[in-house]
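A.B. asks: Quick one: the structure is below, and I'll ask about it shortly.
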Amino acid sequence: MSRYDPATLEPKWQHEWEKAGTFVARRSADKPKYYVLEMFPYPSGRIHIGHVRNYTMGDVIARYKLATGHNVLHPMGFDAFGMPAENAAMASGGHPADWTYQNIATMVAQMKPLGFGLDWSRMFATCDVEYYGQQQALFLDFLERGLVYRRAAVVNWDPVDMTVLANEQVIDGKGWRSGADVERRELTQWFFKISDFSGELLDALDRLDDWPAKVKTMQANWIGRSRGLQFGFDLVAPMADQTRIEVYTTRPDTLLGASFIGISPDHPIARALEAADPAVAEFCARARKGGTTEEAIEKAEKLGLDTGLRVRHPFDAEWQLPVWIANFILMDYGTGAIFGCPAHDARDLDFARKYHLPVISTFVPRTGAHALPEDGAPAFVPPKSETVRWTLPFAWAEEASGEQAVEAAIGFCEGRGIGQGVTKFRLRDWGLSRQRYWGCPIPVVHCDACGVVPETKENLPIELPRDVSFDIPGNPLDRHPTWRDCACPACGAPARRETDTMDTFVDSSWYFARFTAPRAQTPTDMAEAAYWMNVDQYIGGIEHAILHLLYSRFFARAMAICGHLPDTAIEPFDALFTQGMVTHAIYMTRDGAGRPVYHYPEEVTLRDGGGYLTDGRAVEIIPSAKMSKSKNNVVDPVAIIKAYGADTARWFVLSDSPPERDVEWTAAGAEATAKHLARVHRLASDIAQETSPANGADGDLLREMHKAIFDVTAGIDSFGFNAAIAKLYAFTNTLGKSTAGGTARRQAMLTLAQLMSPMTPHLAEEIWAMLGGAGLIANAPWPVADAAMLISDTVTLPIQINGKRKSEITVPKDMPKEEVEKIALADDAVQKALAGGQPKKLIVVPGRIVNVVI
RNA sequence: GCGGGCGUGAUGGAAUGGUAGACAUAUCGGACUUAAAAUCCGUGGGCCGUAUGGCCGUGGGGGUUCAAGUCCCCCCGCCCGCACCA
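Numbering (the working numbering), first residue to last: 336 to 1189.
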């Protein structure tokens, strides 16, 4: 009898799968397709245990779908452009391409021992010329259709990375990668016209039934639709060339509560006043200062300056309102001016109280006592869906919701020529130009005669030059001696290439489509795309909830417009699952100066709930922390595989915690998993030898087997991998203890192997072969639970007395209710509780429970 | 501030409104062994009890229901996202 030895059996079965082409995706008419995809990795050089969890989840789905008769597409690639490669080149003097391709080779070598059922023949990296050349073709098609354009823009400039950042890449005023304070600069940049799709991208979220609500909410907030009125206040006395102040509001229904007009310090009128009056200039300078740091926003003292200007209320020419410059109004949102309605806006109320401006309520709660903001109460700002009682309605009933009032107010104003209803979005166009080398070159040419000219497709791909240096900051393409020189595609005269490259988010915005035909001579092959798209199940981290997923949704639409994807694929990901992290405790002590010192898990012995170093010192344990090299709590998958085998790693990352939650890696847990798998192997070896005859225990075992099939299948179908694994533990225990005959036990063991095969495929193949299963278990049809076997002849019903379990009875499964009632009432515990009396009520839920109310 | 999520044994966590704590880990006890490892069996929410058993128990308080971890309301705590957004 052989021992469980993953180090020999895992490579053996990986070789068998490769030989048989088990996971090569094939189109065929006889089977439904299933496309499962995990977010592809950045080639940092090492796989992370988080990758293992991510890809294991995808692999469980892929193998399960294969066993249930699908043509499965389960590809893998690398998101390979980006800054770290350039940083490495700057640090070590190497070349980004060498660094990247070496890392990819290393990571593939680390991933293959995990036995993922991937179609490696489709692998690509986004830095492959074959890929980014097709991306350039896409760019040209987008350009032709007006989906990408060029304009001068004030951009976020990262002074450390020396590049432009998208708004989405600026976090708390700092570059998302460098962490440096972002500066504002005006540059001519390329933009994707994602804002044209704002409404569509927002509305379509409602149809993504299999996406987490959280992700949809985050995207909806990001797109940020608001419905309002754009209108103007006429200045009583024109000022410079200004006669009117344009305002946008989402609450035109509160126009009769207007108390002042607020303008941004950057508003043209403020600028004009500033030029003429040093006092105004001094105020504006002060007002602009705040609001850049989070801390300043937190303290947020409202600052205002009365300009002395007056405007007329659009409803009443006699009603004049003062114009204030206020520090809380931003020039780049809306029109840079607001009308202040202190009664229904907390911020306006703060301001009005500070500067003694009027407060006028226009509506009050529908019922109940209430204090008015006029009298010192907080601003009354109910949700717009709530019905309120209007004290100053002008186009709707006394009782109406905010939504109804807003629409009525817009209609009223439009009817009188006072402005118009406008829908605005927060989402801005996506600036994609980056002043970097290691990215996809933007395929356009600058010609003195013709201006900006798109490259012709025949000239694609525009390849990155190999001979570049990174010894000085900035973009090496700018200072390359010859690469920039080219002929204008329009007139043939000498011209210069665009030296900006594309944001790396572009690369990841269509790779899922490319996987359907990774070697096609066009960006996609429509026949392949039509067959394989959409991605049926996409799996990745929540950190991509906004950027990557929103950009991909935009790209799918743009590609459909250009004929690179079918119209059915504009929402490319049917179902999305966001998995949790793998965490690990941090072990920490402090040095003489109180600074933390981090210790590797190998240096720490755990006992009595505490951790100790070899010298006996106690360490502080911070549980469930994100893995970080600097904290010495990173678990290396390569070491885990070496110690326990891939199946143990795969099983462990799925067990214990629900997949959407974080799971804490513990040495004890990994050890326990390895022991369990060895136990299963031993059990299978024992069963392979057994010849005991059929007996009375067979039926019970087979019933349990069918229950296990049912439960495990349901678990996999619903992403309940931890629950499925719990069932597998339970069934293994049942099988181990069962006294059933050899044939029944063998059948149960084969089924157990099949049910385990998505999680621990190598061990499953080994057992399958040991017990004489036909072919590869990977290709064996998934077992089906026999409904008849799930129901036993008798059921055990708990008996509750007043809702508390007191006893139980066992009755035939289809015994009529009346009979069950009789038996329940005859039960000792019930008789004792009744003490000769009659129950008030008797509830029998057939097959579930009996409740006696006394 | 707004929006969303979560809170269950020592621990990770189960539980279509129907037996709370499946499964696993720690612990403790036992078998096997000269011994250890490995393996196997048992114990594994709290309190009372020799025991059959009883009482309490899912962050706190209230409610709906024959029945609440689950549904509703209020409060506390933690996590995530957004935010001077007009």
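Yeah, the Cβ is synthetic: ideal placement off N, Cα and C, and Gly gets one too.
On the CB-based measure, 16 or more other CB atoms within 10 Å of its CB, does His350 come out buried or exposed?
C.D. replies: Exposed.
A.B. asks: So what does Asp569 bridge to, in DSSP terms?
C.D. replies: Note: Asp569 sits in a beta bridge opposite Arg579, Arg647.
A.B. asks: Just confirm the distance between the C-beta atoms of Glu316 and Trp773, as a whole number of angstroms; I'd bet it's less than 8 Å.
C.D. replies: Examination of residue 316 is not possible in this model, given that the chain is present from 336 through 1189 alone.
A.B. asks: By Cβ distance, which residues of its chain are closer than 7 Å to Ile1184, with the 5 residues on each side in sequence left out?
C.D. replies: Once the five neighbours on either side are set aside, the close Cβ partners of Ile1184 are Leu1132, Pro1133, Gln1135.
A.B. asks: Could you tell me the distance, in whole angstroms, from the CA atom of Ala1115 to the CA atom of Ala1109?
C.D. replies: Taking the straight line joining both Cα atoms gives about 8 Å.
A.B. asks: Which of the three DSSP states is assigned to Cys619 in this structure?
C.D. replies: Cys619 falls in the helix class under three-state DSSP.
A.B. asks: With a CB to CB cut of under 8 Å and the five nearest residues on each side skipped, what residues in its chain are close to Val490?
C.D. replies: Closer than 8 Å at Cβ, skipping near neighbours: Val499, Leu500, Arg519, Arg520, Glu521, Leu522, Gln524, Gly766.
A.B. asks: Do Arg480 and Phe850 come within 7 Å of each other at the CB atom, strictly closer than that value?
C.D. replies: No; because the gap between Cβ atoms is not below 7 Å, this pair is not in contact.
A.B. asks: Hey, how far is the Cα of Val646 from the Cα of Cys897?
C.D. replies: One C-alpha to the other measures close to 49 Å.
A.B. asks: Taking the C-alpha atoms as reference points, what is the distance between Lys1176 and Leu1160?
C.D. replies: Answer to the nearest angstrom: the Cα atoms are 11 Å apart.
A.B. asks: At the level of alpha carbons, what is the spacing between Thr1078 and Ala1023?
C.D. replies: Approximately 10 Å, taken between the alpha carbons.
A.B. asks: Tell me which same chain residues have a C-beta within less than 7 Å of the C-beta of Ser804, skipping the five on either side of it?
C.D. replies: So the qualifying residues of the chain are Pro811.
A.B. asks: Determine the burial state of Cys826: buried for a count of at least 16 other Cβ atoms within 10 Å of its Cβ, exposed for fewer.
C.D. replies: It counts as exposed.
A.B. asks: Should Ala1059 go down as buried or exposed, given a rule of 16 or more other Cβ atoms within 10 Å for buried?
C.D. replies: Burial call: buried.
A.B. asks: Mapping DSSP to helix, strand and coil, what is Thr343?
C.D. replies: Here Thr343 sits in helix by DSSP.
A.B. asks: Please state whether DSSP places Glu1025 in a helix, a strand or coil.
C.D. replies: DSSP places Glu1025 in coil when its eight states are reduced to three.
A.B. asks: How big is the Cα-Cα spacing for Pro419 and Thr836?
C.D. replies: Using only the alpha carbons, I get a separation of about 15 Å.
A.B. asks: If we call anything under 7 Å between Cβ atoms a contact, is Thr940 one with Tyr933?
C.D. replies: No; because the gap between Cβ atoms is not below 7 Å, this pair is not in contact.
A.B. asks: Report buried or exposed for Lys1139, applying the criterion of at least 16 other Cβ atoms within 10 angstroms of its Cβ.
C.D. replies: So Lys1139 counts as exposed.
A.B. asks: Report buried or exposed for Lys1062, applying the criterion of at least 16 other Cβ atoms within 10 angstroms of its Cβ.
C.D. replies: Answer is buried; the Cβ neighbour count reaches 16.
A.B. asks: Can Ala981 and Gly450 be called in contact, C-beta distance under 7 Å?
C.D. replies: Closer than 7 Å, so yes.
A.B. asks: Across which residues does DSSP place Glu709 in a beta bridge pair?
C.D. replies: Its beta-bridge partners do not exist; DSSP assigns none.
A.B. asks: Have a look at Leu1037, Ser1053, Ala1164, Ser561 and flag the residue whose alpha-carbon is nearest the alpha-carbon of Pro1118.
C.D. replies: The shortest Cα separation from Pro1118 among Leu1037, Ser1053, Ala1164, Ser561 belongs to Leu1037.
A.B. asks: Starting from Val517, trace the alpha helix (DSSP H) in both directions and tell me its first and last residue.
C.D. replies: No alpha helix (DSSP H) contains Val517, which DSSP labels as neither H nor E.
A.B. asks: What are the start and end residues of each continuous beta strand (DSSP E) run of 3 or more residues lying completely inside the segment 737-768, in chain order?
C.D. replies: 755-760, all fully within the segment 737-768.
A.B. asks: When we look at the beta-carbon of Ser363 and count the other beta-carbons within 10 Å, is it buried (16 or more) or exposed?
C.D. replies: Ser363 comes out exposed.
A.B. asks: Pull up the CB-CB distance for Glu738 and Lys719, whole angstroms please, since I reckon it's below 8 Å.
C.D. replies: Indeed, because the Cβ distance is near 5 Å, the residues count as touching under 8 Å.
A.B. asks: With DSSP collapsed to three states, give me the class of Thr1067.
C.D. replies: Note: Thr1067 maps to helix in three-state DSSP.
A.B. asks: If the criterion is Cβ atoms closer than 7 Å, does the pair Val741 and Asp538 meet it?
C.D. replies: Not in contact: Val741 and Asp538 (Cβ atoms no closer than 7 Å).
A.B. asks: In whole angstroms, what separates the C-alpha of Pro853 from that of Val841?
C.D. replies: For Pro853 and Val841, the distance between alpha carbons rounds to 17 Å.
A.B. asks: If we require 4 or more residues per run, which alpha helix (DSSP H) segments fall completely within the segment 384-436?
C.D. replies: As far as the segment 384-436 is concerned, its whole alpha helix (DSSP H) runs of at least 4 residues are 384-402, 418-427.
A.B. asks: For the structure I just gave you, are there three or more beta carbon pairs, one from the segment 432-440 and one from the segment 394-405, closer than 8 Å?
C.D. replies: With a cut-off of 8 Å, the segment 394-405 and the segment 432-440 do not count as touching, because too few Cβ pairs lie within range.
A.B. asks: Can you give me the start and stop residues for the beta strand (DSSP E) that Met923 sits inside?
C.D. replies: Here the beta strand (DSSP E) through Met923 covers 917-925.
A.B. asks: With 16 other CB atoms within 10 Å as the buried threshold, where does Leu1125 fall?
C.D. replies: Leu1125 is exposed by the Cβ-count criterion.
A.B. asks: Ordered along the chain, which non-local residues of its own chain (more than five positions away) have a Cβ less than 7 Å from that of Glu373?
C.D. replies: Excluding residues within five positions, the ones whose Cβ falls inside 7 Å are Asn389, Tyr390, Gly393, Ile874, Gly875.
A.B. asks: Is it the case that the Cβ atoms of Met553 and Ala880 are separated by a distance below 7 Å?
C.D. replies: Yes, the Cβ-Cβ distance between Met553 and Ala880 is below 7 Å.
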